[in-house]
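Structure first, then comments.
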Amino acid sequence: MLRYIAIRLLQLIPTVFGIYTLAFVLMRVLPGDPASFLVGARDDPQALATLRSSMHLDEPIFNQYVAFLGNALHGDLGRSYLTRQPVIIMIGQAFPQTVVLALAAMTLAVGIGVPLGIIAALRKNSAWDNLSRLIALIGVSIPVFGLGILMQLLFSLKLKWLPISGLGFDKHLIMPAVALSLATLALLTRMTRATLLEQLGQDYIRTAYSKGLRERMVIVRHALRNILLPLVTVAGNSTANLLSGSLLIEVIFNWPGMGKLLVQAVNTRDYTLLQGLVIVFALIYAGINMLVDLFYPLLDPRIGHG
Amino acid sequence: MAKVMTAPPATLSLLVKPERESVKMLRRLRRSPLSVLGVLIVGGMMLIALFAPLLTSYDPVKGNISTSYVKAPSNVHPFGTDDAGRDILSRVLYGGRISLRIAILAEALGLSIGLLIGLLTGYYGGLFDTLLMRIVDIFMAFPLLIIAIALAAALGPSETNLIITLGLVIWPSVARLVRSQVLSVRESEYVAAARTIGVRDAGIIFRHILPNILTPLVVYGTLGVANVILQEAALSFLGLGSPDRSAPSWGRMLNDSREFLLAAPWMAFYPGVVIVISVLGFNLLGDGLQDALNIRAN
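One line per chain: the protein sequences are A and B, in this order. Sequential numbering of the first sequence, starting at 1, is according to my numbering. Sequential numbering of the second sequence, starting at 1, is according to my numbering.
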């Protein structure tokens, strides 16, 4: 068990290294170099040279890479080209808003998707089952930003029930969270239904019934335990969707999180900020995937003893 | 046409010419109404994009000055007009050309790179394999859209760059899928047989291994197109698509519509609807193919 955790933690090192490297490479394939963007159209070779040396852009690329890695490893992601603020501070300010939004969406997805999937599997071809199919279909087909805009049209402009955009941990949160959750909700519903149906055909379920256990006991004590593992995996993997989706949702609903900051960095060509955000997004994603892996032995004792 | 066929008695089956796999597959595809719907949607979208100039008399780029500014849907303009007085129906029709072209070319690019790398790494293994699989791991450590945004921002906005960006985002998962297939096929007897009669590596890879791993790729590619349409729309929506005003993709139209949400909701509605329908079509087709080919691609 401890060995399993240790191995899994060690595996994170090359991933983190890779994330930093790819982010660095990405920012170096940019046409021109960052300094020329800052100096802009003034075309002043003197100023450009000064700026280049202050940004260490005149050093060999390998030295730049080592310096970048060194700084990044202790959390220094450089300063924004635009505001001159440390990138890590700017990201830190946006981070909580994104977390709240993602958590709200995940709560909705799990809280509705899993029970709906269970009902759909138990009452196959019932109205609930058809509802679950409908949600699954909508969830994979409607782009998250399309849904966001549709909701704004309906609930803010037509019905005037909810504020159209802006930050607030009250009814401002409802639309962004619902729009963001739908894809994950659809996936979880589908997975819950499929895996539960598979389990219900197993021998141990028949045994449980033939012992005279009531349905509730059979489902809760036996079947559900065995679908936890795939569900946690899917939920973990959906974090990528949630992060990508939050980006678009934050733009549409004017929600000042990391996604909005990323789009802002792209639009203002603030490449240090962009680089920092790409790294932070990837680290969050890698971290969550690792947490999911660490959960496995708790959910299924067979894992981690091999 | 053919009645539902059950397996003929063993003695008889020797006399019946075996059906080609592709015919069998088509028959199975036809049996599911949802798959048929998928075929119809995808086929319909392609035809509409192809024949866009015949289907509308309005220019998708040049607006009508006299009707400039948004007009609600009417008999003259069934989908309304946008802020420059351009007919939205014709923009949606022409936009299909761009959105579908980008999606299909990007998926083809991603599949080709992934296929080649998957075949080579799976077949040869060794250091080359280890190295490339680590690169795949790194790519897959990023949420797709994030890396696509970073790439698109780095390359600069243009249609070609958009296709390259999306292709670069797609290949790692394809490479991983193909590699795993190659690993299982590589040890089979017909590959060993080919090797003993002196077929060269290239011949083994392309003549013997490739045809046997194509089936899951067909499904993967079809479902992939649905995903790329969404990714493309997302990138264009964020302003990272083609900057060419004369070539509006659906995502781009959605982006343009945002300022006019209150004044002209139809500007957002129709491009949104066609995105949903085409994504749905490719998803249904992909699911149908998967059932028809009787495989479980994950």
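We put the CB at the ideal spot given by N, CA and C, even for glycine.
Alpha-carbon to alpha-carbon, residue j and residue i
i, j, result
"residue 22 of chain B", "residue 274 of chain A", "48 Å"
"residue 12 of chain A", "residue 231 of chain B", "28 Å"
"residue 275 of chain B", "residue 102 of chain B", "13 Å"
"residue 212 of chain A", "residue 218 of chain A", "10 Å"
"residue 52 of chain B", "residue 278 of chain B", "16 Å"
"residue 267 of chain A", "residue 28 of chain A", "18 Å"
"residue 289 of chain A", "residue 237 of chain A", "7 Å"
"residue 121 of chain B", "residue 186 of chain B", "12 Å"
"residue 49 of chain B", "residue 96 of chain B", "5 Å"
"residue 98 of chain A", "residue 259 of chain B", "24 Å"
"residue 92 of chain B", "residue 45 of chain B", "11 Å"
"residue 9 of chain A", "residue 279 of chain A", "18 Å"
"residue 229 of chain B", "residue 140 of chain A", "12 Å"
"residue 184 of chain A", "residue 191 of chain A", "10 Å"
"residue 228 of chain A", "residue 172 of chain B", "28 Å"
"residue 70 of chain A", "residue 59 of chain A", "16 Å"
"residue 176 of chain A", "residue 1 of chain A", "40 Å"
"residue 105 of chain A", "residue 146 of chain B", "19 Å"
"residue 159 of chain B", "residue 104 of chain B", "13 Å"
"residue 122 of chain A", "residue 189 of chain A", "13 Å"
"residue 158 of chain A", "residue 99 of chain B", "30 Å"
"residue 147 of chain A", "residue 194 of chain B", "53 Å"
"residue 283 of chain A", "residue 16 of chain A", "7 Å"
"residue 61 of chain B", "residue 234 of chain B", "22 Å"
"residue 265 of chain A", "residue 208 of chain B", "49 Å"
"residue 49 of chain A", "residue 236 of chain B", "35 Å"
"residue 174 of chain A", "residue 240 of chain B", "28 Å"
"residue 151 of chain A", "residue 108 of chain A", "17 Å"
"residue 169 of chain B", "residue 214 of chain B", "21 Å"
Buried/exposed call for residue i, threshold 16 Cβ in 10 Å
i, result
"residue 74 of chain A", "exposed"
"residue 7 of chain A", "exposed"
"residue 214 of chain A", "exposed"
"residue 54 of chain B", "exposed"
"residue 139 of chain B", "buried"
"residue 176 of chain B", "buried"
"residue 20 of chain A", "buried"
"residue 258 of chain A", "buried"
"residue 82 of chain B", "buried"
"residue 192 of chain B", "exposed"
"residue 56 of chain A", "exposed"
"residue 271 of chain B", "buried"
"residue 255 of chain B", "buried"
"residue 170 of chain A", "exposed"
"residue 124 of chain A", "exposed"
"residue 75 of chain B", "exposed"
"residue 181 of chain B", "buried"
Under the three-state DSSP convention, the category residue i falls into
i, result
"residue 97 of chain B", "helix"
"residue 216 of chain B", "helix"
"residue 307 of chain A", "Chain A is shown from 1 up to 306; residue 307 of chain A falls before or after that span and cannot be answered."
"residue 130 of chain B", "helix"
"residue 71 of chain B", "strand"
"residue 78 of chain B", "coil"
"residue 265 of chain B", "coil"
"residue 293 of chain A", "helix"
"residue 87 of chain B", "strand"
"residue 45 of chain A", "helix"
"residue 86 of chain A", "strand"
"residue 200 of chain A", "helix"
"residue 161 of chain A", "coil"
Own chain, CB closer than 6 Å to residue i, minus 5 neighbours either side, in chain order
i, result
"residue 38 of chain B", "281, 284, 285 and 288"
"residue 222 of chain A", "208"
"residue 299 of chain B", "Within the shown structure, residues of chain B are numbered from 1 to 298, placing residue 299 of chain B beyond reach of any answer."
"residue 156 of chain A", "162 and 164"
"residue 311 of chain B", "The structure shown does not extend to residue 311 of chain B, since chain B spans only 1 to 298, so no value can be given for it."
"residue 161 of chain B", "155"
Contact set for residue i: own chain, Cβ-Cβ below 7 Å, skip 5 residues either direction
i, result
"residue 166 of chain A", "172 and 254"
"residue 87 of chain A", "77, 78, 79, 80, 272, 273 and 276"
"residue 204 of chain A", "222"
"residue 180 of chain A", "101, 105, 144, 242, 245, 246 and 249"
"residue 65 of chain A", "24"
"residue 222 of chain B", "282, 285, 286 and 289"
Cutoff 7 Å: residue i Cβ touching any chain C Cβ
i, result
"residue 233 of chain B", "You won't find chain C in this structure, because its protein chains are A and B."
Does the stretch 202-215 of chain A come close enough to the stretch 247-260 of chain A that 3 or more CB-CB pairs lie under 8 Å?
no
Three Cβ pairs or more, each shorter than 8 Å: is that satisfied between the stretch 113-130 of chain B and the stretch 216-234 of chain A?
no
Given 8 Å as the limit, is there contact between the stretch 200-208 of chain B and the stretch 139-156 of chain B, that is, 3 or more CB pairs closer than that?
no
Would the stretch 187-197 of chain A and the stretch 109-119 of chain A be scored as touching if the rule is three or more Cβ pairs under 8 Å?
yes
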